[in-house]
Ligand code: DON
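Numbering (full-length UniProt numbering), first residue to last: 1 to 309.
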């Protein structure tokens, strides 16, 4: 391991030690499965742009990808349709409102504003070029596997739990259709979006996604160019503006790095030209972001001097 990376490993260990006793926040409960995940789990992983892997504590534990999947599908849609199409059909503005806000849509004539809230993510899924639902789903799932350098699979248990409780998202999908911002059959987009949230990932796999974004779109573990280099700044800009929803501004102010949270407890952060860091801890703040995940990454980023601004 390089001396830089052994320094990162030491700081990551320190972060887990410092944060593990924080009992703040609660598991997500609006998706029944997520409330049953052991709250004490805590993991941290780093993958460098040169492919070195550091993992601490529960970094191999598999959890639901949830909203972090929005970044991966955005990358696929950018590859297929290009930056202008995403900008005009989905948008690039923070909403300043919760991730499943209907009011955000109402305030902007049904424009989702960003691919990183539920509305924009379903619109993005609907833009994936496909002849039917299974093709749409398989393209998204295969891309998750490429970006993580691992065979990613759907959890039937998580998917069942979400599909049977996602009335709010179905309503959003129909609102998008009514405003002309849904580009496939709305329930197809909602179903595939729900599946993309219900795959399982561990922190090393998530950090590998971050390392790919940090490395101009080349996955450092497989060596494959998965995302065009020109698309990376668009993805990172969306993450800075909306990655932690209505606390994205606080995250930019404090940490200064593109991030993306999921209600499964995962938190991905990209350090351009350095690597990806991923934290996992199920208890969330009121905005849907992992409490200890934010605390751990904040500690590592500050100590390492990674703030971009
Ligand atoms: O659609 C939902 O509400 C969930 N499947 C994902 C939400 C989520 O992860 C928000 N993130 N922090």
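For every residue, glycine included, the Cβ atom is placed at its ideal position computed from N, Cα and C.
Distance check for residue j and residue i, CA to CA, integer angstroms please.
i, j, result
"residue 184", "residue 126", "5 Å"
"residue 69", "residue 144", "8 Å"
"residue 204", "residue 108", "38 Å"
"residue 86", "residue 78", "7 Å"
"residue 140", "residue 149", "14 Å"
"residue 2", "residue 210", "19 Å"
"residue 59", "residue 174", "38 Å"
"residue 273", "residue 238", "18 Å"
"residue 36", "residue 288", "16 Å"
"residue 22", "residue 290", "11 Å"
"residue 254", "residue 296", "13 Å"
"residue 8", "residue 14", "10 Å"
Under 8 Å between the Cβ atoms of residue i and residue j?
i, j, result
"residue 294", "residue 267", "yes"
"residue 46", "residue 275", "yes"
"residue 62", "residue 200", "yes"
"residue 300", "residue 12", "yes"
"residue 246", "residue 97", "yes"
"residue 16", "residue 41", "no"
"residue 226", "residue 146", "yes"
"residue 154", "residue 181", "no"
"residue 193", "residue 92", "no"
"residue 208", "residue 216", "no"
"residue 292", "residue 283", "yes"
"residue 64", "residue 197", "yes"
"residue 26", "residue 264", "no"
"residue 206", "residue 119", "no"
"residue 83", "residue 231", "yes"
"residue 31", "residue 134", "no"
"residue 110", "residue 178", "yes"
For the alpha helix (DSSP H) containing residue i, name the first residue and the last one.
i, result
"residue 210", "203-214"
"residue 69", "69-81"
"residue 124", "118-127"
"residue 249", "248-254"
"residue 294", "291-304"
"residue 240", "232-242"
"residue 194", "186-197"
"residue 104", "103-107"
"residue 8", "3-19"
"residue 163", "156-163"
"residue 57", "Looking at the DSSP string, residue 57 is not in any alpha helix (DSSP H); the run it does join, the beta strand (DSSP E), is 53-57."
Within 10 angstroms of its Cβ, does residue i collect 16 or more other Cβ (buried), or is it exposed?
i, result
"residue 212", "buried"
"residue 132", "exposed"
"residue 88", "exposed"
"residue 112", "buried"
"residue 18", "exposed"
"residue 10", "exposed"
"residue 260", "buried"
"residue 168", "exposed"
"residue 50", "exposed"
"residue 280", "buried"
"residue 4", "exposed"
"residue 6", "exposed"
"residue 138", "exposed"
"residue 99", "buried"
"residue 187", "exposed"
"residue 103", "exposed"
Considering residue i, what are the terminal residues of the beta strand (DSSP E) in which it resides?
i, result
"residue 172", "Segment 167-178 is the alpha helix (DSSP H) holding residue 172; no beta strand (DSSP E) there."
"residue 44", "43-48"
Compute the minimum distance between the beta carbon of residue i and the heavy atoms of the ligand PLP, and state whether it is under 7 Å.
i, result
"residue 202", "Among the ligands modelled here, namely the ligand DON, the ligand PLP does not occur."
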